[in-house]
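Scroll down for the structure; my scribbles are underneath it.
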């Protein structure tokens, strides 16, 4: 049935709407994949763009926090909310005025996190020796190696580390959305074909069931 995806009023049926939703999801994933690939080609630009977006997010979060604090100024946490919102605003202004310096600070912070996380994984794996002993050691060694490499090239590494991580996140998120969208459309198509097959089988069996016995 070619028109099974549409209702009698011409609007798409539930299967058609669901298939279109999965199609839009796959299209969004393709956009994210392209953005991730462009970011990997221009990691310096991706780093600067990421820091600018981060600064604006801090500013917007600070403004929203201030509005929420003044709306609930009768609560006991009014001044704490004001201080947190003011810190967000100040951090957003600093990041927007000095995105390169903010990138250097965040890169060092990320490298220290990788290094500390890798050391703790290695120590925990050697002490516990659980079923994932080998995988834990590999993760810990990778984290230590990544932290050492980033720190060894700091502050020059701040020009590409954040942009690379952000672009890789966009790329993998986009691939995941494409997989979900394409798989969802296939599932909807299979369900629709199965429903059409049942409908045709039921239509053929109907007249025979109502024929009176000879």
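In UniProt numbering, the protein residues as written are 1 to 214. Glycine included, each C-beta is placed from N, C-alpha and C at the ideal position. None of the values given here were measured: they were computed from a predicted structure.
For residue 20, name the three-state secondary structure that DSSP assigns. helix
Proximal residues to residue 30 (C-beta, below 7 Å), its chain only, five neighbours per side dropped: 174, 178
Whether residue 166 touches residue 26 by CB criterion (7 Å): no
Between 20, 154, 39, 85, which lies nearest to residue 168 when the distance is taken from Cα to Cα? 39
Unbroken alpha helix (DSSP H) run spanning residue 98, endpoints: Premise fails: residue 98 is in no alpha helix (DSSP H) and is neither H nor E.
Leaving out the 5 sequence neighbours to the left and right, which residues in its chain are closer than 6 Å to residue 145 when beta-carbon positions are compared? none
Do three or more CB pairs link the stretch 142-158 to the stretch 109-121 at distances below 8 Å? yes
With a 10 Å radius around its C-beta and 16 neighbouring C-beta atoms as the bar for buried, classify residue 133 as buried or exposed. exposed
Output the boundary residues of the alpha helix (DSSP H) element that contains residue 77. From DSSP, residue 77 is part of no alpha helix (DSSP H); its letter is neither H nor E.
Using DSSP with H/G/I as helix, E/B as strand and the rest coil, what is residue 214? With a pLDDT of 47 at residue 214, under the threshold of 50, the modelled position of that residue is not reliable, and the figure given next carries that caveat. Reduced to three states, the DSSP call for residue 214 is coil.
For residue 90, which residues of its own chain have a beta-carbon under 6 Å away from its beta-carbon, when the five flanking residues on both sides are left out? none
How long is the line joining the alpha carbons of residue 164 and residue 141, rounded to whole angstroms? 20 Å
Can you list, in chain order, the stretches of the alpha helix (DSSP H) that have 4 or more residues and sit fully within the stretch 37-92? 43-71
Starting from the Cα of residue 37, find the closest Cα among 181, 182, 171 and give me that residue. 171
Could you say which of 34, 185, 182, 50 lies nearest to residue 107 if we only look at CA atoms? 50
Is it a yes or a no for the stretch 91-106 touching the stretch 151-165, going by three-plus beta-carbon pairs under 8 Å? yes
Measure the alpha-carbon distance for residue 84 versus residue 184 and round it to whole angstroms. 42 Å
So the candidates are 52, 19, 82; which of them puts its Cα closest to the Cα of residue 97? 52
Buried or exposed for residue 112, please, with buried defined as at least 16 other CB atoms from any protein chain shown within 10 angstroms of its CB. exposed
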